[in-house]
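**Student:** So the protein lines, in turn, are chains A and B.
Just add 4 to the spot in the first sequence (first one is 1) and you have our numbering.
Just add 3 to the spot in the second sequence (first one is 1) and you have our numbering.
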Amino acid sequence: MKNRAFDKELKTFRLGGVHPQDNKLSASAPLAQLPLPKQVTIPIIQHIGAPAKVVVQRGDTVKVGQVIAQHEGFISSNIHASCSGRIGIIEEVMDSSGFKHLAVNIRVKGDDWLETIDRTDTLVEEISLSRDEIVARVMEAGVVGMGGAGFPSHAKIKVPEGKTIDTLIINGVECEPYLTADHRLMLEKPREIIVGVRILMRALGVSRAIIGIEDNKHDAIELFDEWLREDKQIEVQPLEVQYPQGGEKQLIQAVLDREVPSGRLPADVGVIVHNVGTTFAIYEAVQKNKPLVERVVTVTGKDVKQPSNFWVRIGTPVIELITAAGGLPESTGKVVSGGPMMGKAIADLEVPVAKGTSGILMIAQAETKRAEEYNCVHCGKCIEACPMGLEPYRLLLLSKAGQSEKSKRENVLDCIECGSCSFVCPSNRPILDYIRLSKTKVKKLK
Amino acid sequence: MSQSLLTVAPSPHIHTELTIPQVMRGVIIAMVPALLVSVYNFGLGAVYVTGLSILFCAGAEWAICKFLLKREPTITDGSAVITGMLLAFNVPSNLPWYIILIGSLVSVGIGKMSFGGLGNNPFNPALVGRVFLLLSFPVEMTSWPQAVATWSLDGTTGATPLGILKDGLRAGETVPALMQQMPSYTDFFFGFQGGSLGEMSAFALLIGLGYMLYRKIITWHIPVTMIATVFVMTGIFWFIDPTRFASPLFHVLTGGVMLGAIFMATDYVTSPVSHKGMIVFAIGCGVLTVLIRLFGAYPEGVSFAILIMNAFVPLINTYLKPVRYGRKK
Ligand code: SF4
Ligand code: SF4
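(1) Check this for me: beta carbons of Pro-317/B and Leu-165/B, under 7 Å apart or not?
(2) Answer yes or no: does any C-beta atom of chain A fall closer than 7 Å to that of Tyr-217/B?
(3) Taking 6 Å as the cut-off, does the CB of Pro-325/B come closer than this to any heavy atom belonging to ligand 1?
(4) What does Ala-368/A reach in chain B if we use C-beta pairs closer than 8 Å?
(5) Is Ser-335/A helix, strand or coil by DSSP?
(6) Under three-state DSSP, which class holds Lys-200/A?
(7) Kindly indicate the opening and closing residues of the alpha helix (DSSP H) around Ala-213/A.
(8) In chain A, what lies closer than 9 Å to Tyr-301/B by C-beta?
(9) Is any heavy atom in ligand 2 found nearer than 6 Å to the beta carbon of His-18/B?
(10) Are Pro-391/A and Gly-21/A closer than 7 Å when you measure CB to CB?
(11) Using the Cα positions of Leu-297/B and Leu-252/B, report the straight-line distance between them to the nearest angstrom.
(12) Can you confirm whether Gly-158/B, when its beta carbon is compared against all beta carbons of chain A, has any partner nearer than 7 Å?
(13) DSSP on Gln-291/A, reduced to helix/strand/coil?
(14) In the DSSP assignment, find the unbroken beta strand (DSSP E) run with Arg-317/A in it and report its ends.
(15) Indicate the three-state DSSP secondary structure (helix, strand or coil) for Arg-299/A in the structure shown.
(16) Anything in chain B within Cβ reach of Phe-427/A, meaning under 9 Å, just list it in chain order.
(17) Closest to Pro-15/B by C-alpha separation, out of Lys-104/A, Glu-421/A, Asn-279/A, would be which residue?
(18) Name the residue from Gly-238/B, Val-131/B, Phe-284/B whose alpha carbon lies nearest to the alpha carbon of Ser-107/B.
(19) Would you list the one or two residues that DSSP bridges to Tyr-247/A?
(20) Which of the three DSSP states is assigned to Val-30/B in this structure?
(21) Let me confirm a value: Ser-426/A is counted as buried when at least 16 other C-beta atoms fall within 10 Å, else exposed. Which label applies?
(22) Taking only runs of the alpha helix (DSSP H) that begin and end inside the stretch 183–231 of chain B, which ones reach a length of at least 4 residues, in chain order?
(23) Distance check for His-224/B and Val-11/B, CA to CA, integer angstroms please.
(24) For the alpha helix (DSSP H) that contains Ile-110/A, what are its first and last residues?
(25) Would you kindly report the start and end of the unbroken alpha helix (DSSP H) that includes Ile-167/B?
(26) When you compare each of Ile-79/A, Ile-48/A, His-158/A to Ala-107/A by their alpha carbons, which one comes out closest?
(27) Take Val-52/B as the anchor and find which of Phe-191/B, Gly-87/B, Gly-259/B has the nearest alpha-carbon.
(28) Would you mind sorting Thr-45/A into buried or exposed? The rule is 16 or more other CB atoms within 10 Å of its CB.
(29) By Cβ distance below 7 Å, which residues in the same chain neighbour Ala-285/B in space, the five residues on each side in sequence not counted?
(30) With distances taken Cα to Cα, identify the nearest neighbour of Asp-451/A among Glu-137/A, Asp-11/A, Lys-448/A.
(31) For the stretch 70–95 of chain B, which residues have a CB atom closer than 7 Å to at least one CB atom of chain A, in sequence order?
(32) Hey, could you find the ends of the beta strand (DSSP E) Arg-413/A is sitting in?
(33) Closer than 8 Å by C-beta to Asp-116/A: which residues in its own chain qualify, once you throw out the five before and the five after it? Chain order, please.
(34) Just mark Gln-254/A as buried or exposed, buried being the case when its beta carbon has 16 or more other beta carbons within 10 Å.
(35) Please report whether the beta-carbon of Pro-325/B lies at a distance below 7 Å from any beta-carbon of chain A.
(36) Between Tyr-271/B and chain A, is the shortest Cβ-Cβ distance under 7 Å, so that the two count as touching?
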């Protein structure tokens, strides 16, 4: 008999970590379909790697799921029409990071899907595709890492030449405060996610998978444990609540006690990590032939009327989500795409939801003010917090002094930009701002 | 509201509530139990010395900012109040006001502001003031009022347990004989002994430690390591020759070990930043304390030990790096 997840000792990563307030306000809001917008603006690059090449023209009619931009090379990703209608202008627009990128506008008309896509809710458990077919299907479907990084998923399910993978880790941590998209997905689509895990296992040729879930999502742990009672290969690992557990390197350390050497990939220590959202998208791609055209987005904030979790078509303007959750609260000072620790503040509410948009967070004016900055008091709290074992206070000083060589020697490039140091500094020093500056300069050194 | 008013700033977008003023307030609260014991023991003297010391230190910082540095006074961060309290905790409760004034000026003026204020001073300001006073006013700084609950300002004075020990041993007496003349360990623990204003009661100081640990203001590394080091090292000597060396319990319960380990060595600014560094630093503080106590000219060595170790902090910070992720050799 298999050990129940609750009998297991909670694990966590060894270095650093902080405990911001959870504020999972939308945890009990079931997934709801966001009404179709009048138009969508689909960014052509939503992933790490080469931009895709637009294959439609203004005036074309498209169906949901139709390719509108073709990947260029292996590390690249397809982009599909997320709504049916007529192609509008194709031009550069501001994305949620404030950068200008090419985007395709679609005037939405009806909801007309490609016939090849299985839109039913029926669970398809039987996996009939081979390893290579799975990779091809995932690539075709334009699935990218949905935890935010946006690395093309097909490239992460093909075992790199000369490497052996022994364990697949599924990231169900969702350690960012406020966000509940993955949590809800786990609660509502556990069986689909489990099939997704099996697909990944087949593609990677591994016989062991571990789903890491933080202890603040008891219901999800219980649910997966229940569905996996008879499964000998997939297990659930409950984790202590600690930020940034969802960081790939931290999760690998927490679950397997392995460390990814600096500058290397998880595959170098025999591990591949996929997020639950991505795993679900892979299920849909492989079993339902459905490309990545929609995702779950948490819309939340302390003053938001109805904190929600919506199924949103890619390219939907952020303002539509906010309206559906009860409108922009009077108090709002900042709107963040993503979580409060690593998300990006957006200036324009017309920016579209992308494949990596996990949440829209509205923060009150009063909370956005940066408090008074003091001298560094050498309290060591930033060091204590840093999950990479760096000395953030020193990196800030080196950055201010423009000492790129020294910063490099102090391993500034290892920084995962989790923000724990800035979060915890009692002197309110903008540590991460300076570290980012320094990273850009150090990268230029080479 | 209009969209253009949205703030666009880099992540993280939230911040801990434990900011400098909160930290300082927490430390002040943690010192209250020890202060109350002093008030109980020394009556108005404790109130008077502590009040003056806080006033002088905060005033000195305000005046230096205002008139010498010509910048916005920084006393709102609360650190000058802590310096004032710590200075008071380290002097006898019958110290005349002008000595307190000098001590405060040295602490804040030389110990802190001359280096650029909070965060830049290499030495613990209160200890700088204290040691300066000890060297300049040896008589006043070592006439200890005895712990008798009195509300008058002039009680009787006498030596501290450590002083009795040192003088007795010099005069050729043995430790067991000297112990006869002293209060019990329970009295030491609860604070019925002679000594500096704030070092009386291990019990009260430990409550403060518990509070600071609970509020996550400090970690266990420095206080626990320093107290343990003193305990183990004096224990070894005591084991070798109990007639010449007092017991480890005596050493941790008397004098400034608790006060030093909990409130002075843990000063953010003047202690190392990494856990490894903190442990090395605290071992150093403990070892030096014991060496001074057992073999030095002074009966007590905590202040000197911490000041000496303060000087090594930059070195410790440079060489004792935290454990890096993914860089195992
Ligand atoms: S942002 Fe970088 S330096 Fe700061 S805690 Fe995270 S990894 Fe460490
Ligand atoms: S947390 Fe802030 S004050 Fe403390 S050492 Fe780091 S930078 Fe300095």
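Cβ atoms here follow ideal geometry from the backbone N, Cα and C, with glycine treated the same way.
**Tutor:** In short, the structure shows the following:
(1) Their beta carbons are not under 7 Å apart, which means Pro-317/B does not touch Leu-165/B by this criterion.
(2) So no, Tyr-217/B is outside the interface.
(3) Answer for Pro-325/B: no, Cβ out of range of ligand 1.
(4) For Ala-368/A, none of the residues of chain B pass the 8 Å Cβ criterion, the least Cβ distance being about 11 Å.
(5) In this structure, Ser-335/A counts as coil in the three-state DSSP scheme.
(6) Here the sequence assigns Gly to residue 200/A, which means Lys is not the residue at that position. When secondary structure is reduced to three states using DSSP, Gly-200/A falls in the helix class.
(7) Boundaries for Ala-213/A: no alpha helix (DSSP H) harbours it, while the beta strand (DSSP E) harbouring it runs 213–218, taken from the DSSP string.
(8) Neighbours of Tyr-301/B in chain A, taken as residues at a C-beta separation under 9 Å, are lacking, since the least C-beta distance is about 29 Å.
(9) Result no, Cβ not under 6 Å from ligand 2.
(10) Their beta carbons are under 7 Å apart, which means Pro-391/A touches Gly-21/A by this criterion.
(11) Straight-line Cα distance between these residues: approximately 15 Å.
(12) For Gly-158/B, the predicted model reports a pLDDT of 48, less than 50, meaning its position is unreliable and no value from the coordinates is stated.
(13) In this structure, Gln-291/A counts as helix in the three-state DSSP scheme.
(14) From DSSP, the beta strand (DSSP E) with Arg-317/A extends over 312–317.
(15) Strand.
(16) The answer, in chain order, is Pro-15, Ile-17, His-18, Thr-19.
(17) Of all alpha-carbon atoms in Lys-104/A, Glu-421/A, Asn-279/A, the one lying nearest the alpha-carbon of Pro-15/B is that of Glu-421/A.
(18) It is Val-131/B.
(19) In the DSSP assignment, Tyr-247/A is bridged to Val-22/A.
(20) In the structure shown, Val-30/B sits in a helix (DSSP, three-state: H, G or I).
(21) Under a 10 Å Cβ-count criterion, Ser-426/A is classified as buried, with 16 or more other Cβ atoms of the shown protein chains found around its own Cβ.
(22) Runs of the alpha helix (DSSP H) inside the stretch 183–231 of chain B: 188–193, 205–217.
(23) Approximately 39 Å, taken between the alpha carbons.
(24) Taken as a continuous stretch (DSSP letters only), Ile-110/A belongs to no alpha helix (DSSP H), being part of the beta strand (DSSP E) at 104–112.
(25) Ile-167/B -> alpha helix (DSSP H) spans 164–173.
(26) For Ala-107/A, the nearest C-alpha among the options comes from Ile-48/A.
(27) Per the Cα distances, Gly-87/B.
(28) With a 10 Å radius around the Cβ and a threshold of 16 neighbouring Cβ atoms, Thr-45/A comes out buried.
(29) Exclusion of the five residues before and after Ala-285/B leaves His-224, Ile-225, Thr-228, Met-229, Thr-232, Ala-268 as the residues of its chain whose Cβ lies within less than 7 Å of its Cβ.
(30) Outside the shown range of chain A (5 to 450) lies residue 451/A, about which nothing can therefore be said.
(31) Listed by position, the residues of the stretch 70–95 of chain B near chain A (Cβ gap below 7 Å) are Asp-80.
(32) Arg-413/A -> not in any beta strand (DSSP E); alpha helix (DSSP H) instead, spanning 408–413.
(33) Short of 8 Å from the beta carbon of Asp-116/A, and not among the five residues preceding or following it, lie these beta carbons of its own chain, in chain order: Lys-67, Val-68, Ser-88.
(34) Per the 10 Å Cβ criterion, buried.
(35) Yes, because at least one Cβ of chain A sits closer than 7 Å to the Cβ of Pro-325/B.
(36) At least one CB of chain A lies nearer than 7 Å to the CB of Tyr-271/B.
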